[in-house]
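Trainee: Numbering (the working numbering), first residue to last: 23 to 298. C-beta: ideal position from N, C-alpha, C; glycine also. Here's a structure for you.
Here it is as structure tokens:
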């Protein structure tokens, strides 16, 4: 398994809180977890690919308490302990870029994916969508959500607020990872249609639709950016692009957010159904 996510990010235990907060913020902006077009049977089989902390499965479990819920990731480092999982949730290890075992083909009513952009190369998206489609039952759904980080904009929320530090570190993140951030979110519907899915829908939600969580949303993404920045600094040599001032830079960036600086960005949701 080639785990390219670790080229730029980490799976330290501290990431559990950040990833769960990122999930909650995205969900609040979107206004749903399962796409409104998805119609599931009474006891559906649902699989979350790239499940990370299993937050998606734990979030839907109260609604789908009779469902068969499975989660897979290339790494189990961020999984909750088995003792913390409801009995209808099971977790395992798989690489979604590789063909799935035959026994999984045509098994699921819903295949869900969220925020894998940093684990994907530009050439991966089409083949991964085709691979995930093999898991669907006739009439099953594939739902995938990604953030459009590459075109996010820093906004001065009030006349006396500053965006200097946030724009500096945020711009470094965008430019360094542009090769990954510029792809996928804008082609998922096209790839779903090419894989034979029908009734493909594409939703775009701007973060401005949830103004009450603007500060929280921005702080969550800033935490993502500084996770990346510390990873880059840890590489040493030319990788230490921020020198010794990263802690103070982080403090100043969060002070700007407290004073009104915020990030405006889009969330893209693509959902398609396998024909009966």
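(1) Near residue 241, which residues of its chain fall below 8 Å by C-beta distance, leaving aside the five closest residues on each side in sequence?
(2) With distances taken between CB atoms, is the gap from residue 222 to residue 288 smaller than 8 Å?
(3) Span of the alpha helix (DSSP H) holding residue 276?
(4) If we count the other Cβ atoms within 10 Å of its Cβ and call it buried at 16 or more, is residue 87 buried or exposed?
(5) Inspect the beta-carbon positions of residue 271 and residue 189 and report whether they are closer than 8 Å.
(6) Could you tell me the alpha carbon to alpha carbon distance between residue 71 and residue 95, rounded to whole angstroms?
(7) What do you reckon, are the CB atoms on residue 178 and residue 60 nearer than 8 Å?
(8) Please name the residue in 129, 53, 31 and 195 whose C-alpha comes closest to that of residue 156.
(9) Going by alpha carbons, who is nearest to residue 161 out of 62, 34, 266 and 27?
(10) Residue 64: which of 144, 132 and 32 sits nearest, CA to CA?
(11) To the nearest angstrom, how far is the alpha carbon of residue 102 from that of residue 46?
(12) Output the distance between the C-alpha atoms of residue 145 and residue 201, rounded to the nearest integer angstrom.
(13) Below 8 Å on the Cβ atoms is my guess for residue 74 versus residue 142; work out the distance and round it to an integer in Å.
(14) CA-CA distance, residue 119 and residue 149?
Mentor: Reading off the structure:
(1) 276 and 279
(2) no
(3) Looking at the DSSP string, the run of the alpha helix (DSSP H) that includes residue 276 is 268-280.
(4) By the neighbour-count criterion, in which 16 or more other beta carbons inside 10 Å mark a residue as buried, residue 87 falls on the exposed side.
(5) no
(6) 6 Å
(7) no
(8) 129
(9) 62
(10) Cα-wise, what sits closest to residue 64 is 132.
(11) In this model, residue 102 and residue 46 are separated by some 17 Å (Cα to Cα).
(12) 11 Å
(13) Actually they do not touch by this definition, with Cβ atoms about 14 Å apart.
(14) 7 Å
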